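> For the sequence shown, my numbering gives the first residue as 110, with consecutive numbering after it.
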Amino acid sequence: MEVKSNKSLPKILYAILFILVLPLLLFLWAVKTDTAVTLPAFENPAIEIAMATAGLLIMLSGMCALVVHGRGLPMNPYPPQHFVTGGIYGLIPHPIYSGACLLAIGVSIYAHSASGLWLISPVLILSCIAIVLGFEKDNLAKRFPDKNLRPRLSIPEASAEPPTVWNKISAYILVLIPWLIFYRIAAFLNIVQTPVSGNVPFFSDTSHLTFTVTLQFATFLLAIAAPLFARTRQDLRAFMISGLLATAAGFYIPVIFPFVTPAFSVIWIFIAMSLFAKRFPKLRLFWRLMAIVISISCLLTGLNLVIDVISGFGIYLFAEHRASVWRQILHMAETIAGSWKEWQFGHIRMMNHGLYGGSATFVGITMVGLFIGKSYLPAMLTVVVTTLLCAALWAQFIEGSKKLLRPLGFYGGILGVIFGCGLAHLLFGVDFFLLWAPFAVAAPWIQAIGRLRCLVQGCCHGRPAAPNAGIRYFHPRSRVVGLANLKGEYLHATPVYSILANVVYGMFLIKLWFSSVPLPFIIGMSFIFNGLSRFVEESYRGEPQTPIIKGLRLYQWGAVSSIILGAGLTAIPYNVLRSGIHINVETFIAAIIAALLTTFVTGVDFPRSNKRFSRLV
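1. Please classify H601: does DSSP put it in a helix, a strand, or coil?
2. Do three or more CB pairs link the stretch 203 to 217 to the stretch 187 to 194 at distances below 8 Å?
3. Taking R572 as the reference, give the member of I238, P585, L595 with the closest Cα.
4. Pick helix, strand or coil for R650, following the three-state DSSP scheme.
5. Grouping DSSP H, G and I as helix and E and B as strand, with all else coil, what is V146?
6. Does the stretch 658 to 666 come within contact of the stretch 602 to 613, defined as at least 3 CB pairs closer than 8 Å?
7. For R436, does the three-state DSSP call read helix, strand or coil?
8. Which of the three DSSP states is assigned to L535 in this structure?
9. Exposed or buried, F385, counting other C-beta atoms within 10 Å across all chains shown (16 or more means buried)?
10. Is the beta carbon of W396 closer than 8 Å to that of S587?
11. For L354, which residues in the same chain have their Cβ closer than 6 Å to its Cβ, ignoring the five residues on either side in sequence?
12. Could you please give me the residues that DSSP links to P260 through a beta bridge?
13. I need the straight-line Cα distance from R252 to T273, nearest angstrom please.
14. Does the separation of the CB atoms of L524 and C499 fall below 8 Å?
15. For N461, which residues of its own chain have a beta-carbon under 8 Å away from its beta-carbon, when the five flanking residues on both sides are left out?
16. Rounded to a whole number of angstroms, what is the C-alpha to C-alpha distance between G352 and I362?
17. Please tell me whether I218 and F151 are closer than 8 Å, where the distance is taken between their beta carbons.
18. Under the three-state reduction of DSSP, which class applies to F759: helix, strand or coil?
19. I need the DSSP call for I580, collapsed to helix, strand or coil.
20. Could you tell me whether the stretch 530 to 548 touches the stretch 433 to 443, where touching means 3 or more Cβ pairs closer than 8 Å?
21. Pick from K256, S207, V176, L497: whose alpha carbon is nearest that of T162?
22. To the nearest whole angstrom, what separates the beta carbons of R259 and L200, a pair I think is in contact under 8 Å?
23. Identify every run of the alpha helix (DSSP H) within the stretch 620 to 651, keeping only runs that are complete inside it and at least 4 residues long; order them along the chain.
24. In or out: K387 buried (at least 16 other Cβ within 10 Å) or exposed?
25. With the cut-off set at 8 Å, would you say G521 and W503 are in Cβ contact?
26. Taking all protein chains shown into account, do 16 or more other C-beta atoms lie within 10 angstroms of the C-beta of E646, making it buried, or fewer, making it exposed?
27. Can you grab the Cα-Cα spacing for the pair W435 / P487, in whole Å?
28. Where do the ends of the alpha helix (DSSP H) carrying I458 lie?
29. Which same chain residues end up closer than 6 Å to N611 when comparing Cβ atoms and leaving out the 5 residues on each side of it in sequence?
30. By a C-beta neighbour count over all protein chains shown, 10 Å radius and 16 as the cutoff for buried, is L497 buried or exposed?
31. Would L226 and K277 qualify as a contact pair, given that the criterion is a beta-carbon distance under 8 Å?
32. Could you check what DSSP says for F311 in three-state terms: helix, strand or coil?
33. What number of angstroms, rounded off, separates the C-alpha of V176 from the C-alpha of V241?
34. Short check: CB of C569 to CB of T603, under 8 Å?
35. Sorted by chain position, which residues of the same chain lie with C-beta nearer than 8 Å to F630's C-beta, five sequence neighbours on each side aside?
36. Return the CA-CA distance between I282 and W288, expressed in angstroms with no decimal places.
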């Protein structure tokens with residue numbers, strides 16, 4: 110009896126953690142950050158009740174399905190014995206996560222909580238996505254290699270078969286309805302523009318309004334009707350993926366650049382016409398002309414500005430030709446990965462990948478200096494030194510060996526920034542958070558450029574991938590070749606994944622810097638975004654020296670810690686006055702000095718020496 114009790118205790122504690130403790134922490138997080146989130150709360154009794162109820166029912170249905178059909182518990186550490194396809198799992202992908210997200214949104218609306226709606230719920234959604242992509246997807250593939258669940262509500266497979274009724278329903282529920290929701294959210298937050306006021310060419314006020322309404326309705330009708338005309342599942346799949354990418358980009362761009370509002374009419378008419386052209390290929394020219402005419406009409410009616418129409422068309426091109434864009438990115442990444450060059454001058458060897466490290470530091474210090482001014486330059490250089498030292502010490506502790514005499518660790522660098530800011534506060538009396546926050550804003554850009562060094566050196570490389578989804582390494586100096594013995598194999602381009610993620614959330618952090626949110630909130634969001642992206646990225650890595658603890662790679666645990674730390678930081682109500690941009694020569698000189706130091710540390714070694722830290726390869 111005692112043995113059984115001991116085996117049940119971890120499961121009970123896990124259940125308490127996710128059923129009681131986590132919701133309580135999310136509630137407290139929403140309360141503590143309510144003043145930091147300045148976006149308006151949303152009130153709608155019908156929506157809040159419907160979403161909360163639906164979310165709770167979906168969650169409970171998912172849990173019951175795992176118990177009944179899977180003969181197990183809805184817990185990642187104690188998964189079901191059988192692959193579950195019955196119950197709600199045959200209808201909705203990941204119902205427990207989907208239900209939890211709906212429940213969080215519904216409760217946030219009910220509580221009139223701006224932070225719950227615009228901070229906690231989005232972070233919860235992204236966390237669920239990260240868990241699925243960074244853990245559950247691979248874990249299920251390993252446990253059930255011959256099983257593949259495709260619920261009724263999902264993006265169809267790339268097949269020449271005609272789409273089913275459920276495939277078409279999925280297009281509406283997963284793509285078109287979210288588009289309308291995001292458009293309404295954008296209107297609620299005043300992200301999208303109303304038709305341009307004033308005189309409109311060729312139209313009186315009455316005819317202008319009539320034509321504008323007719324134009325919007327025609328675009329809406331064609332987009333709504335498009336899935337019904339899909340010829341194959343592949344065509345419908347392309348439509349759905351393009352629609353999701355376009356909706357995300359169309360919402361994200363005006364958030365970052367308020368002067369640009371991509372024309373949703375232009376985006377969706379081109380996506381819809383592309384599907385019609387595949388269904389009726391003989392009328393391909395007609396469908397394209399219709400899309401062009403509607404786009405031009407958006408300008409003539411004053412519905413959108415020129416930049417809105419151009420950006421809308423650009424989003425369509427990106428979404429429609431995403432495969433070609435991705436192939437070009439992979440080709441460039443593979444070219445950089447094979448670009449290793451070195452020069453030896455007596456006892457000193459210089460390697461070209463150190464230039465990427467130096468460039469990253471130059472950009473980072475320049476950004477920080479522009480944000481807070483030249484009076485912080487001694488403090489900034491102090492942070493650079495502590496960051497390099499801690500990054501080297503961390504990597505020695507985690508990866509140290511005769512083959513890795515001078516690696517650099519990301520999380521060691523993070524600790525170095527924190528330590529450096531504290532040391533600078535003691536030495537120079539600078540404000541701790543005012544120094545730390547701009548480094549947090551610059552961090553994704555530093556890391557994005559630094560990942561180019563990873564490509565050349567071969568560190569942070571991915572695990573084996575399909576030929577159309579990977580890059581190859583051939584240079585004998587690369588760690589992929591020398592350490593992992595994966596020469597010529599297609600590997601996931603994990604440095605590229607990191608670059609793209611850092612650029613996306615890096616722009617958002619810059620936006621936050623010029624807002625009125627507290628400084629710790631900016632730092633916290635940097636940690637949260639980095640943790641979420643790093644958790645997924647790490648699951649695709651293939652470095653043999655990284656320890657795996659309890660099913661997760663070491664740095665995935667670091668990513669989880671980063672998210673928790675970030676959430677805590679966002680709740681600190683500390684803020685000081687920060688001014689605009691500080692342009693001065695001293696900042697650029699300091700950036701050059703810091704860049705030269707980083708270039709030396711990351712790209713110069715002493716190949717004839719056997720001393721600690723003397724060699725990079």
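Here a beta-carbon is modelled for each residue, glycine too, at the ideal position from N, C-alpha and C. Computed from a predicted structure; not experimentally measured.
In short, the structure shows the following:
1. strand
2. no
3. L595
4. strand
5. coil
6. no
7. helix
8. helix
9. buried
10. no
11. A428
12. Its beta-bridge partners do not exist; DSSP assigns none.
13. 30 Å
14. yes
15. S448, W449, K450, E451, V565, G712
16. 15 Å
17. yes
18. No answer is possible for residue 759: the residues shown for the chain start at 110 and end at 726.
19. strand
20. no
21. S207
22. So it is not a contact: roughly 11 Å between Cβ atoms.
23. 628 to 648
24. buried
25. yes
26. buried
27. 42 Å
28. In the sequence as presented, Ile is not what sits at residue 458; that position holds Arg. R458 -> not in any alpha helix (DSSP H); beta strand (DSSP E) instead, spanning 457 to 460.
29. P553, Q556, A557
30. buried
31. no
32. Bear in mind that the predicted position of F311 carries a pLDDT of just 45, short of 50, making it too unreliable to give a figure here.
33. 20 Å
34. yes
35. T142, A145, L621, L678, T679, I681
36. 10 Å
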